[in-house]
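Protein chains in written order, with my numbering: chain A, 47 to 369; chain B, 47 to 369.
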């Protein structure tokens with residue numbers, strides 16, 4: 047039995063510090079994610095400085111956060127049978143997350159994401175999906191989903207047709223078995239690429255929506271955050287909208303709650319803030335917490351992850367909450 | 047032209063936080079390095095938590111530190127033609143270090159070192175040498191050495207016969223061309239394994255010796271540090287002996303200087319302290335600094351590296367010294 051099953055792009059993060067100007071000078075939009083081919087990834091790698099490698103992937107980060115809270119978590123994603131894939135699988139399992147998808151022994155190498163951390167602690171991502179893009183409906187472990195309470199999906203998966211089909215399969219299984227479906231919009235450009243489909247998805251299939259300010263504005267093509275909040279009301283059961291230093295706004299059937307950000311020390315690297323917010327929020331839902339408490343748990347997890355390099359918790363989130 | 051050429055075991059560090067008891071409970075001696083076979087490395091990896099991967103290798107860390115000071119540096123070592131090898135080579139070159147040895151396309155995979163960081167910020171290392179142990183005399187770029195001013199070697203290389211022959215070749219080339227030979231004892235157990243050969247080496251071939259307190263005591267089989275200092279006098283031209291929080295003692299023909307440690311913030315991970323001390327010290331020698339100033343530069347570099355994870359500088363050491 048797993049409380050939450052995450053489905054996402056299995057990626058190793060190659061974290062590198064750059065100047066504030068570097069991402070734009072190389073064609074990347076500050077604070078966003080760009081999908082590239084292997085050659086572009088290799089070319090960028092040759093231009094960046096010495097790096098640190100840590101396991102990443104948005105939904106994978108979230109399920110690791112859930113495990114750190116003490117929830118049982120599983121993951122569905124695809125790596126290749128290579129050294130970077132081994133690192134990804136090791137870290138996931140060592141974090142207590144169940145992972146059963148066999149690594150692909152042919153095709154592309156394991157996916158990787160060059161994370162450019164600028165002096166403002168923001169991250170700009172250059173992602174080569176590699177083997178992660180080969181996720182297909184056959185990889186969806188239906189039993190793991192039917193035995194879980196929440197299915198969590200990342201919008202990034204929508205970029206590859208077989209992965210999209212895998213998502214649809216997972217959603218259909220979840221809906222048939224009363225498993226709640228949670229979904230993150232992932233990135234404003236990802237929203238631009240798939241807006242019409244995302245609108246239908248949110249309306250018909252998503253019980254819990256995660257988005258940051260830029261993503262939710264992009265989804266509804268509105269002018270500001272207030273208009274986005276108005277648009278999302280009634281569109282899905284629960285929405286958790288994050289606003290960086292402004293905290294978050296949580297909407298459900300009955301109320302709109304503004305959640306203050308948790309106290310943060312020095313911000314080192316904002317990578318994973320949204321992923322860990324989702325982990326805390328979902329952990330709250332599992333415990334039957336109200337909107338305000340779910341948001342508070344999300345804020346605590348997000349605050350922890352931005353004080354260090356990498357997108358996964360360095361401390362036990364369960365212990366952090368106990369304090 | 048390179049100022050310093052380093053020769054060493056090319057390793058990727060797999061950095062993991064453990065409890066204080068974990069290393070001993072798995073058969074490792076706290077604060078030391080153990081050489082293991084691939085299976086033992088894999089077994090330990092399966093038992094440790096989620097990790098961070100960074101390029102390492104003692105002499106490689108030192109030449110990266112030298113490059114960070116602004117010196118020109120080269121490296122001789124061996125990785126396999128695999129993903130971990132690519133990471134090692136990328137990081138070395140991205141740090142401004144010249145590296146020309148072609149990756150091995152058969153034989154063992156790239157070497158890796160599982161670095162267990164305990165709550166006291168000490169590191170205990172489990173090293174699988176892999177391809178790095180295949181360094182052979184043919185890999186020694188004689189021209190790079192003859193055109194350099196200092197050849198820097200790590201004691202760890204003495205564990206593998208072909209690597210030892212490569213070291214002897216490198217030393218012979220250096221001595222024939224008036225290139226100074228610097229050598230680090232690396233680890234107390236490494237000293238135990240090769241004491242008689244190290245004593246001859248230090249007497250006949252080493253111009254600058256680096257050792258920490260435990261290593262120099264092990265080399266001369268004496269009871270305490272003071273006796274070790276007495277033993278090393280006259281045994282080699284210059285010796286820099288590090289004592290963790292007590293700073294270091296530098297001996298040359300004319301004097302014995304005690305160098306205070308540099309001011310340190312919170313100590314996070316002592317991995318690389320000795321490697322970076324050597325970098326600062328050698329940078330001082332290149333600039334014609336006296337013993338005291340060489341030690342001071344070593345202390346500054348060591349102080350920087352212990353405030354963060356990983357064995358290579360996170361800041362420009364040249365800039366740190368300018369401040």
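C-beta atoms are modelled at their ideal positions from N, C-alpha and C, and glycine is treated no differently.
Taking the C-alpha atoms as reference points, what is the distance between residue 304(A) and residue 288(A)? As a position in the first chain, residue 304(A) is number 258, starting the count at 1. As a position in the first chain, residue 288(A) is number 242, starting the count at 1. Between residue 304(A) and residue 288(A), the C-alpha separation is close to 10 Å.
Assigned secondary structure, residue 124(B) (DSSP; H/G/I helix, E/B strand, else coil): Residue numbering aside, residue 124(B) sits at position 78 when the second chain is read from its first letter. In the structure shown, residue 124(B) sits in coil (DSSP, three-state: anything other than H, G, I, E or B).
Just tell me which of 170(B), 121(B), 243(B) has its CA closest to the CA of residue 190(B). The residue labelled residue 190(B) in the question sits at position 144 within the second chain. If we check each option's Cα against that of residue 190(B), 121(B) comes out closest.
So is residue 233(B) buried or exposed if we call it buried at 16+ other beta carbons inside 10 Å? As a working note, residue 233(B) is residue 187 in the second chain. Classification of residue 233(B): buried, given that the 10 Å Cβ count is 16 or more.
Beta-carbon gap between residue 172(B) and residue 202(B) smaller than 8 Å: In the second chain, residue 172(B) corresponds to position 126, counting from 1. In the second chain, residue 202(B) corresponds to position 156, counting from 1. No, Cβ-Cβ distance for residue 172(B) and residue 202(B) is not below 8 Å.
For residue 91(B): DSSP bridge partner residues: For this step, residue 91(B) is matched to residue 45 along the second chain. Bridge partners of residue 91(B): none, in fact.
Can you give me the start and stop residues for the alpha helix (DSSP H) that residue 109(A) sits inside? To locate residue 109(A), count along the first chain from 1; it is residue 63. Taken as a continuous stretch (DSSP letters only), the alpha helix (DSSP H) holding residue 109(A) covers 104-115.
Expressed to the nearest angstrom, what Euclidean distance is found between the alpha-carbon atoms of residue 330(B) and residue 339(B)? In the second chain, counting from the first residue as 1, residue 330(B) sits at position 284. In the second chain, counting from the first residue as 1, residue 339(B) sits at position 293. Cα to Cα, residue 330(B) sits roughly 7 Å from residue 339(B).
Taking the CB atoms as reference points, tell me whether residue 177(B) and residue 124(B) lie closer together than 8 Å. Here the question's residue 177(B) lines up with position 131 in the second chain. Here the question's residue 124(B) lines up with position 78 in the second chain. Closer than 8 Å, so yes.
In chain A, which residues lie with their C-beta within 9 Å of the C-beta of residue 320(B)? Counting from one through the second chain, the residue named residue 320(B) turns up at place 274. Correct list: empty, because the minimum Cβ distance to chain A is about 19 Å.
Can you tell which of 195(A), 276(A), 179(A) has the C-alpha that lies nearest to the C-alpha of residue 205(A)? Here the question's residue 205(A) lines up with position 159 in the first chain. The candidate whose alpha carbon is nearest that of residue 205(A) is 179(A).
Exposed or buried, what is residue 135(B) when buried is set at 16 or more other beta-carbons lying within 10 Å of its beta-carbon? In the second chain, counting from the first residue as 1, residue 135(B) sits at position 89. Classification of residue 135(B): buried, given that the 10 Å Cβ count is 16 or more.
Are the CB atoms of residue 130(A) and residue 58(A) nearer to each other than 8 Å? Stepping through the first chain from its first residue, residue 130(A) is reached at position 84. Stepping through the first chain from its first residue, residue 58(A) is reached at position 12. In this structure, residue 58(A) lies closer than 8 Å to residue 130(A) by Cβ.
By the criterion of Cβ-Cβ separation under 8 Å, what are the contact partners of residue 174(B) in chain A? Along the second chain, read from residue 1 onward, the residue named residue 174(B) stands at position 128. In chain order: nothing, as chain A lies at least about 13 Å away.
Taking beta-carbon pairs under 8 Å, can you tell me which members of the segment 92-117 of chain B lie near chain A? Against chain A - using a Cβ distance shorter than 8 Å - the residues of the segment 92-117 of chain B are 92, 94, 95, 96, 97, 98, 99, 100, 101, 110.
Ordered along the chain, which non-local residues of its own chain (more than five positions away) have a Cβ less than 8 Å from that of residue 354(A)? Your numbering for residue 354(A) matches position 308 in the first chain. So the qualifying residues of the chain are 314, 315, 360.
Would you mind working out which of 166(A), 140(A), 245(A) sits nearest residue 32(A), comparing C-alpha positions? Nothing about residue 32(A) can be read from this structure; chain A reaches only from 47 to 369.
Here's the rule: buried if 16 or more other CB atoms are within 10 angstroms of the residue's CB, otherwise exposed. What is residue 224(A)? Taking the first chain and counting its residues from 1, one reaches residue 224(A) at position 178. It counts as exposed.
Answer with yes or no whether the minimum CB distance from residue 314(A) to chain B is below 8 Å. Numbered from its first residue, the first chain carries residue 314(A) at position 268. Not closer than 8 Å to any Cβ of chain B, the Cβ of residue 314(A) fails to qualify, so no.
Mind listing the chain B neighbours of residue 129(A)? Cutoff is C-beta to C-beta under 7 Å, in chain order. Locating residue 129(A) in the first chain gives position 83, where the first residue counts as 1. Here the neighbours are 128, 129, 130.
Do the CB positions of residue 99(B) and residue 99(A) come within less than 8 Å of each other? On the second chain, position 53 is the one that residue 99(B) refers to. On the first chain, position 53 is the one that residue 99(A) refers to. Cβ atoms of residue 99(B) and residue 99(A): closer than 8 Å.
Is the segment 154-161 of chain B in contact with the segment 107-121 of chain B, if contact means three or more CB pairs nearer than 8 Å? These segments do not touch.
Taking only the alpha-carbon atoms, compute the straight-line gap between residue 334(B) and residue 324(B) and give it to the nearest angstrom. For the purposes of this step, residue 334(B) is taken as the residue at position 288 of the second chain. For the purposes of this step, residue 324(B) is taken as the residue at position 278 of the second chain. Put simply, the backbone Cα of residue 334(B) is about 15 Å away from that of residue 324(B).
Inter-residue Cα distance where the pair is residue 268(B) and residue 302(B): Within the second chain, numbered from 1, the residue matching residue 268(B) stands at position 222. Within the second chain, numbered from 1, the residue matching residue 302(B) stands at position 256. The straight-line gap from Cα to Cα measures roughly 19 Å.
Residue 169(A): first and last residue of the uninterrupted beta strand (DSSP E) it sits in: For the purposes of this step, residue 169(A) is identified with residue 123 of the first chain, where counting begins at 1. Element bounds for residue 169(A): 169-174.
Just checking: is the beta-carbon of residue 358(B) within a distance shorter than 8 Å of some beta-carbon in chain A? Residue 358(B) sits at position 312 when you count from the first residue of the second chain. True, the Cβ-Cβ gap to chain A drops below 8 Å.
Say whether chain B places a C-beta atom closer than 8 Å to the C-beta of residue 141(A). Within the first chain, the letter at position 95 stands for residue 141(A). So yes, residue 141(A) belongs to the interface.
With residue 81(A) as the anchor, note down where its beta strand (DSSP E) starts and where it stops. As a first step, residue 81(A) is located in the first chain; it is residue number 35 there, counting from the start. It spans 79-81 - the beta strand (DSSP E) in which residue 81(A) sits, taken as one unbroken run.
Backbone secondary structure at residue 63(B) - three-state DSSP: If you number the second chain from 1, residue 63(B) lands on position 17. Note: residue 63(B) maps to strand in three-state DSSP.
Which partner residues of residue 159(A) appear in the DSSP bridge assignment? The count along the first chain starts at 1 and reaches residue 159(A) at position 113. Answer by DSSP bridge pairing, in chain order: 59(A), 173(A).
So, does the CB of residue 59(A) fall closer than 8 Å to a CB anywhere in chain B? The count along the first chain starts at 1 and reaches residue 59(A) at position 13. Taking Cβ atoms only, chain B never reaches closer than 8 Å to residue 59(A), which makes this a no.
Whole-angstrom C-beta distance between residue 105(A) and residue 142(A), which should lie under 8 Å: Locating residue 142(A) in the first chain gives position 96, counting from the first residue. Locating residue 105(A) in the first chain gives position 59, counting from the first residue. Incorrect: roughly 16 Å between the Cβ atoms, too far for contact.
With a Cβ-Cβ cutoff of 8 Å, do residue 65(B) and residue 74(B) count as a contact? Residue mapping note: residue 65(B) aligns to position 19 of the second chain, counting from 1. Residue mapping note: residue 74(B) aligns to position 28 of the second chain, counting from 1. The answer is no: Cβ separation not under 8 Å.
Considering only C-alpha positions, which residue in the set 308(B), 328(B), 91(B) is nearest to residue 348(B)? Here residue 348(B) refers to the residue found at position 302 of the second chain. Considering only alpha carbons, the answer is 308(B).
Specify the secondary structure class of residue 271(A) as computed by DSSP and reduced to three states. Start at 1 with the first residue of the first chain, and residue 271(A) comes out as number 225. DSSP places residue 271(A) in helix when its eight states are reduced to three.
Within 8 Å, strictly: CB atoms of residue 133(A) and residue 62(A): Here residue 133(A) corresponds to residue number 87 of the first chain, with the count starting at 1. Here residue 62(A) corresponds to residue number 16 of the first chain, with the count starting at 1. Result no, Cβ atoms of residue 133(A) and residue 62(A) do not sit closer than 8 Å.
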